[in-house]
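Take a look at the structure set out below.
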Amino acid sequence: MTDTPDYKAESPAREAWRMFRRNVPALVGVVILSFIVLATLYGTFFYAGDPYNVVWAPHERPGVTPEFPLGTDYLGRDILAGMLTGGGPTLAVGAAAAAITMVIGITLGSLAGFYGGWVDNLLMRITEFFQVLPALLFAMVLVTLFSPSLWTIAIAIGVVSWPQTARLTRAEFLRIKELEYVTAARAIGARNKRIIWKVILPNAMPPLIVSATLTIGIAILFEAGLSFLGLGDPNVMSWGLMIGANRDYILDAWWPVTFPGLAIFFTVFAVSLIGDGLNDAFNPKLRER
Amino acid sequence: MNSSYILRRVGYGLVLMLGVVVLNFLLIRLAPGDPAMVIAGEMGGATEEMLESIREEYGLNKPLVVQLGIYVGNVLQGNLGESFFFNQPVASLIAQRIGPTILLVITAQILSILIGVFLGVIAARKPNGVMSGFVSVFATIGYAVPVFWTGIMLIILFASVFPIFPVEGMQSVRLRGADVFTKTLDIAHHLILPAFTLAIIYLAQYARLSRASMLEVLGSDYIRTARAKGAAEKTVLFKHALRNAALPILTVAGLQFGNLISGALLVETVFNWPGMGRLAFDSILRRDYPTIMGVLFFASAMVVVANILTDISYRWADPRLRGKS
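Protein chains in written order, with my numbering: chain A, 249 to 537; chain B, 442 to 766.
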């Protein structure tokens, strides 16, 4: 495909995609993330191993026994098997928590920004209140009170992370609602609900998409932190849990904690490269014409 | 700056804290099961008399509104309940642990701001230079590393490869009877790894932020004027430019404080640092709810205080805001 000069205006989404496609770090992020997602989805297909079973002597070094390329942990469990099974829950909770964060944040932020007045005042006070609570501590309390499962963890992370999204959405709504096309929509008789969902929200999406990407990264780190502390779902293998389970033996064996940590790092790193790429792609100042 | 602004700000902070108390109350009531059991800590060891005395103390047989009143009243009198595990008032448990946490959090905050801003300023001198690239790569990496994992990696490194820093606790046992000076040095020595672990994430963010902020300021007219009158480059950067670029950094520093406390929780657990985070973690494993709620209360109070201080220093740093309310 060639970029011929076109008299038709390019749609903003296409333009952003054209920018994103040229952004090397962002593409690196896409490749890393795709690899990790594919490995967690289909990895066990090629490498069948039970992460819960004791299969070998404890603390086998990586690369020594060909059956266990990444070695074994303090109980003699296969680390590679744990890595492949443990990624799924981490990614799923990260995605679900980010979705919950976005739904709460966008709903409250758009209502506050659109209606202003006492609605705005009330919602912003609630937002400030939630920003005062140290997020991880609050999530720990929620998870313990309501017994840990993948869903309670995702909800807990969502409940503690939405304020930033709400603030961002509100700021976008405050800016956009003064623009002429909103007045025009009102003039032709559009109702508030329609103006919020069909007129303002689509135009507020670019920064929200970027923020959603970064939220996924933060949610993954959160899930890892909770599982590391042993507050995750005890029946589900996850990267954070692997680090937490092996932390008493780190001076005897570095590998059981190093590999899952690298996996978390590369996942969040890839997500944030993509987020930065989207940010640049949506930023009209950086676009060359 | 007027004192009525500060008073109003403090008043609002107190309202937020009241909100935290109400939230604590609701959380215990919303948890599945008998609240008296929840408060006793689900240890299975709670006798019927113990439960009855808890019901009496918290008024659990009375209507919810009265219960809330009793709870708030207790907190206002400094009574955060009793930890059934330690058999001690929660307030005194926290009083023993809050010092180390404040020490860790503030050291990490100062470290990350000083190093971060310095790196950012250097990077801003050449927007496309090596340092700029380093800062933005470092910022992305710093954001993506799980803080507890950084801690573990540093422990492995400094325990087995370069044993120059202690990797656990806050004080050496063998120095129990030493003089104050030796003890202070010992604590500082123990503080290095945890504080640095915690600082890394934020350090990267400050570097990125101050680079962006400096680039904006360096393009302005008064910087050109300062250069034109022959001011030394160091003076221009650190005196003329940084002063004006500092406001966004200050804002973020205030907003980050809550995250810093969350991070401290993990770092304290990894390094066995005897602070509130360690206490919260142990209490959660023991289901010692009064203690957990007490920690939530005090940690939130620290955030409120930090926010008030940020607002006040913001007004002090930005002359345009002085005198306004």
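The beta carbon of each residue, even a glycine, is placed where N, CA and C say it ideally should be.
Enumerate in chain order the residues of its own chain whose CB-to-CB distance from isoleucine 469 of chain B is below 8 Å, with the five nearest sequence positions on each side excluded.
-> Pro476, Val479, Ile480, Tyr730, Met734
Short-range partners of chain B found in the stretch 486 to 513 of chain A, where Cβ spacing is below 7 Å = Ile491, Arg495, Ile498, Leu499, Trp502, Val505, Gly509, Ile512, Phe513
What's the C-alpha gap between isoleucine 280 of chain A and methionine 490 of chain A?
-> 21 Å
Phenylalanine 575 of chain B touches chain A at which residues, Cβ-Cβ below 7 Å?
-> Result: empty, since nearest Cβ-Cβ is about 14 Å, beyond 7 Å.
Given serine 475 of chain A, which residues of its chain have a CB within under 6 Å of its CB, disregarding the five upstream and five downstream residues?
-> Ser486, Gly488, Leu489
What residues in the stretch 367 to 386 of chain A have a beta carbon less than 8 Å from any beta carbon of chain B?
-> Glu376, Phe377, Gln379, Val380, Leu381, Pro382, Ala383, Leu384, Leu385, Phe386
What's the gap between the Cα of phenylalanine 589 of chain B and the Cα of threonine 413 of chain A?
-> About 25 Å.
Looking only at its own chain, which residues have a Cβ that is under 7 Å from the Cβ of glycine 336 of chain A, when we skip the five neighbours before and after it?
-> The beta carbon of glycine 336 of chain A sits closer than 7 Å to those of Thr288, all from its chain and outside the five residues before and after it, given in chain order.
Going along the chain, which residues of the stretch 596 to 628 of chain B sit with their C-beta nearer than 7 Å to a C-beta in chain A?
-> In summary, the residues of the stretch 596 to 628 of chain B whose CB is separated from some CB of chain A by less than 7 Å are Ile596, Ile597, Ala600, Ser601, in the order they occur in the chain.
Through-space distance from alanine 472 of chain B to valine 746 of chain B, alpha-carbon basis | 29 Å
Flag this pair as yes or no: are the beta carbons of methionine 717 of chain B and isoleucine 539 of chain B separated by less than 7 Å?
-> yes
Test: alanine 347 of chain A CB closer than 7 Å to a CB of chain B | no
Classify asparagine 531 of chain A as helix, strand or coil using the three-state DSSP reduction.
-> DSSP places asparagine 531 of chain A in the coil class of the three-state scheme, outside both helix and strand.
Which residues, taken in chain order from the stretch 628 to 643 of chain B, show a beta carbon closer than 7 Å to some beta carbon of chain A?
-> none
Would you say alanine 629 of chain B and methionine 655 of chain B are within 7 Å of each other, going by their C-beta atoms?
-> no
Would DSSP call serine 766 of chain B helix, strand or coil?
-> Since pLDDT at serine 766 of chain B reaches only 47, below the 50 mark, its modelled position is unreliable, and the value read off the structure follows with that caveat. Coil.
Where the alpha helix (DSSP H) containing arginine 449 of chain B begins and where it ends | 444 to 471
So glycine 324 of chain A packs on valine 302 of chain A, CB below 8 Å; how close in whole Å?
-> Glycine 324 of chain A to valine 302 of chain A, Cβ: 5 Å. Contact.
Which class does valine 302 of chain A belong to by DSSP, given the choice of helix, strand or coil?
-> strand
Name the DSSP bridge partner or partners of glutamate 523 of chain B?
-> Its beta-bridge partners are B:Pro530.
Look up arginine 309 of chain A in the DSSP assignment and say whether it is helix, strand or coil.
-> coil
Where do the N-terminal and C-terminal ends of the alpha helix (DSSP H) with leucine 598 of chain B fall, by residue?
-> Neither: leucine 598 of chain B is in no alpha helix (DSSP H) and is coded neither H nor E.
Between the CA atoms of tyrosine 363 of chain A and valine 513 of chain B - distance to the nearest angstrom = For valine 513 of chain B and tyrosine 363 of chain A, the distance between alpha carbons rounds to 34 Å.
Pick from A:Arg434, A:Trp366, A:Glu426, A:Thr375: whose alpha carbon is nearest that of isoleucine 354 of chain A?
-> A:Thr375
Contact with chain B by alanine 472 of chain A, beta-carbon distance below 7 Å | yes
Roughly how many whole angstroms lie between the Cα atoms of glutamine 537 of chain B and glycine 519 of chain B?
-> 15 Å
Beta-carbon separation (whole angstroms), threonine 338 of chain A vs glycine 406 of chain A, contact threshold 8 Å = Actually they do not touch by this definition, with Cβ atoms about 16 Å apart.
Span separating the alpha-carbon of alanine 667 of chain B from that of threonine 676 of chain B = 9 Å
Could you tell me which uninterrupted alpha helix (DSSP H) segments, each at least 4 residues in length, are contained entirely in the stretch 342 to 416 of chain A, listed from first to last along the chain?
-> 365 to 380, 383 to 393
Using a Cβ-Cβ distance under 7 Å, would leucine 586 of chain B count as near chain A?
-> Sequence check: residue 586 of chain B is valine here, not leucine. Answer yes: the Cβ-Cβ gap between valine 586 of chain B and chain A drops below 7 Å somewhere.
Please check if any C-beta of chain A sits within less than 7 Å of the C-beta of threonine 692 of chain B.
-> no
With distances taken between CB atoms, is the gap from alanine 580 of chain B to arginine 649 of chain B smaller than 7 Å?
-> yes
Can you check whether the CB of threonine 292 of chain A is closer than 7 Å to the CB of glutamate 308 of chain A?
-> Not closer than 7 Å, so no.
Going along chain A, which residues have a C-beta under 9 Å from arginine 756 of chain B?
-> None at all; the shortest Cβ gap to chain A is about 18 Å.
Beta carbon proximity, isoleucine 480 of chain B to chain A, threshold 7 Å | no
Taking Cβ-Cβ distances shorter than 7 Å, what residues in chain A pair up with arginine 703 of chain B?
-> The residue asked about is misnamed: residue 703 of chain B is serine in this sequence, not arginine. Within 7 Å Cβ-Cβ: Pro382, Ala383, Leu384, Leu385.
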